[in-house]
Amino acid sequence: GAVVSQHPSWVICKSGTSVKIECRSLDFQATTMFWYRQFPKQSLMLMATSNEGSKATYEQGVEKDKFLINHASLTLSTLTVTSAHPEDSSFYICSAGDRVTDTQYFGPGTRLTVL
Amino acid sequence: AQSVTQLGSHVSVSEGALVLLRCNYSSSVPPYLFWYVQYPNQGLQLLLKYTTGATLVKGINGFEAEFKKSETSFHLTKPSAHMSDAAEYFCAVSDSYDMRFGAGTRLTVKP
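Going down the list, the sequences are from chains B and H. Under my numbering, the first residue of the first sequence carries the number 75, and numbering increases by one thereafter. Under my numbering, the first residue of the second sequence carries the number 301, and numbering increases by one thereafter.
What follows is the structure, given as structure tokens:
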């Protein structure tokens with residue numbers, strides 16, 4: 075089946091620094107990728123929809139200047155958490171849509187801890 | 301707008317017993333429906349999905365779900381629980397490409 079990778083799988087950073095998370099579709103092209111955030115013992119919350127070659131669409135309440143999303147190619151989307159704070163600590167999961175199979179495939183997630 | 305409600309944040313069954321995880325959805329268009337499983341500190345794994353056609357969908361690990369339009373439900377079942385089934389389960393609905401998740405149900409399997 076299709077594979078979506080995320081890098082890094084976990085990251086610890088100091089408050090005030092920026093962290094970039096990569097999401098790659100390894101064996102298919104994804105014109106649309108999604109970024110989710112999952113707090114402990116809670117469900118996934120959609121943060122934004124990333125479209126290749128255009129600006130991301132953010133969900134209500136998600137700060138676009140804080141969570142920068144870039145979808146520069148059909149296989150790569152990045153999420154940059156700028157000026158991270160402890161409350162940004164969470165599990166971030168991306169998914170990529172394969173239009174051929176009409177299925178979303180999820181990455182393994184990235185655990186961010188902000189000290 | 302679309303949404304999903306999972307009834308019961310925590311379900312506990314004995315090993316070998318029937319597993320039933322409930323999911324009701326709301327969608328203004330014919331929905332695509334999904335069940336995902338998440339093991340601790342891991343990403344999501346697709347169990348099964350309904351798009352069109354047969355309303356009883358069989359997935360991996362012996363799970364199946366039935367789409368009931370009249371009840372707007374997509375409950376997940378497994379005839380006999382195994383210890384390895386203990387995990388968090390998420391129901392999700394999608395109208396085209398935008399997917400919304402339920403709050404999740406934690407399944408505990410007792411020996």
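Just so it is clear, CB atoms sit at the ideal spot from N, CA and C, and this is done for glycine as well. None of these values were measured; they are calculated from a predicted model.
Beta-carbon proximity list for residue i, same chain, < 6 Å, skipping 5 on both sides
{"i": "Glu310 (chain H)", "result": "In the sequence on display, residue 310 (chain H) carries His and not Glu. Cβ neighbours of His310 (chain H) beyond the five flanking positions: Arg406."}
{"i": "Thr152 (chain B)", "result": "Lys94, Glu96, Asn144"}
{"i": "Gly359 (chain H)", "result": "Leu347, Leu348"}
Separation of residue j from residue i, as counted between CA atoms
{"i": "Thr351 (chain H)", "j": "Val393 (chain H)", "result": "10 Å"}
{"i": "Glu161 (chain B)", "j": "Val357 (chain H)", "result": "39 Å"}
{"i": "His382 (chain H)", "j": "Gly316 (chain H)", "result": "6 Å"}
{"i": "Phe367 (chain H)", "j": "Phe102 (chain B)", "result": "29 Å"}
{"i": "Arg173 (chain B)", "j": "Leu320 (chain H)", "result": "31 Å"}
{"i": "Gln112 (chain B)", "j": "Pro340 (chain H)", "result": "12 Å"}
Among the options, the one whose alpha carbon lies nearest that of residue i
{"i": "Pro308 (chain H)", "options": "H:His375, H:Asn361, H:Leu347", "result": "Note that residue 308 (chain H) corresponds to Gly in the displayed sequence, not to Pro. Comparing Cα positions, the closest option is H:His375."}
{"i": "Pro114 (chain B)", "options": "B:Tyr166, B:Ala130, B:Asp176", "result": "B:Tyr166"}
{"i": "Tyr179 (chain B)", "options": "B:Thr156, B:Arg111, B:Ser99", "result": "B:Ser99"}
{"i": "Asn144 (chain B)", "options": "B:Pro160, B:Met107, B:Glu137", "result": "B:Met107"}
{"i": "Phe334 (chain H)", "options": "H:Phe401, H:Ser384, H:Pro340", "result": "H:Phe401"}
{"i": "Leu176 (chain B)", "options": "H:Asp395, H:Thr408, H:Ala403", "result": "The sequence shown places Asp at residue 176 (chain B), rather than the Leu named in the question. Nearest option by C-alpha distance: H:Asp395."}
{"i": "Cys323 (chain H)", "options": "H:Cys391, H:Lys410, H:Met399, H:Pro411", "result": "H:Cys391"}
{"i": "Ser384 (chain H)", "options": "H:Glu371, H:Pro411, H:Gln302, H:Gly343", "result": "H:Pro411"}
{"i": "Ser380 (chain H)", "options": "H:Ala301, H:Leu344, H:Gln302, H:Ser312", "result": "H:Ser312"}
{"i": "Thr355 (chain H)", "options": "H:Thr372, H:Gly343, H:Leu344, H:Pro340", "result": "H:Thr372"}
Own chain partners of residue i with C-beta closer than 7 Å, once the 5 adjacent residues on each side are dropped
{"i": "Thr187 (chain B)", "result": "Ile86, Ser163"}
Same chain, Cβ closer than 8 Å to residue i, five either side skipped, listed in chain order
{"i": "Thr184 (chain B)", "result": "Gln80, His81, Pro82, Ser83, Trp84, Val85, Ile95, Phe165, Tyr166, Ile167"}
{"i": "Ser157 (chain B)", "result": "Gly90, Thr91, Ser92, Lys140"}
Inter-residue CB distance, residue i and residue j (contact presumed, cutoff 8 Å)
{"i": "Val329 (chain H)", "j": "Ala387 (chain H)", "result": "Not really, about 30 Å apart at Cβ, beyond 8 Å."}
{"i": "Gln306 (chain H)", "j": "Ala365 (chain H)", "result": "At roughly 12 Å, the Cβ-Cβ gap does not stay under 8 Å, so Gln306 (chain H) and Ala365 (chain H) are not in contact."}
Report task. Give, in chain order, every residue of the stretch 381 to 411 of chain H whose Cβ lies closer than 9 Å to some Cβ of chain C. Result -> Chain labels in this structure do not include chain C; the protein chains are B and H.
**Report entry** Any beta strand (DSSP E) of 3 or more consecutive residues that is wholly inside the stretch 330 to 411 of chain H
**Finding:** Unbroken beta strand (DSSP E) runs of no fewer than 3 residues, entirely contained in the stretch 330 to 411 of chain H, are found at 332 to 338, 344 to 350, 356 to 358, 364 to 368, 373 to 378, 387 to 394, 399 to 401, 405 to 410, following chain order.
**Report entry** Contiguous alpha helix (DSSP H) assignments of at least 4 residues, all confined to the stretch 84 to 142 of chain B
**Finding:** You should have found no qualifying run.
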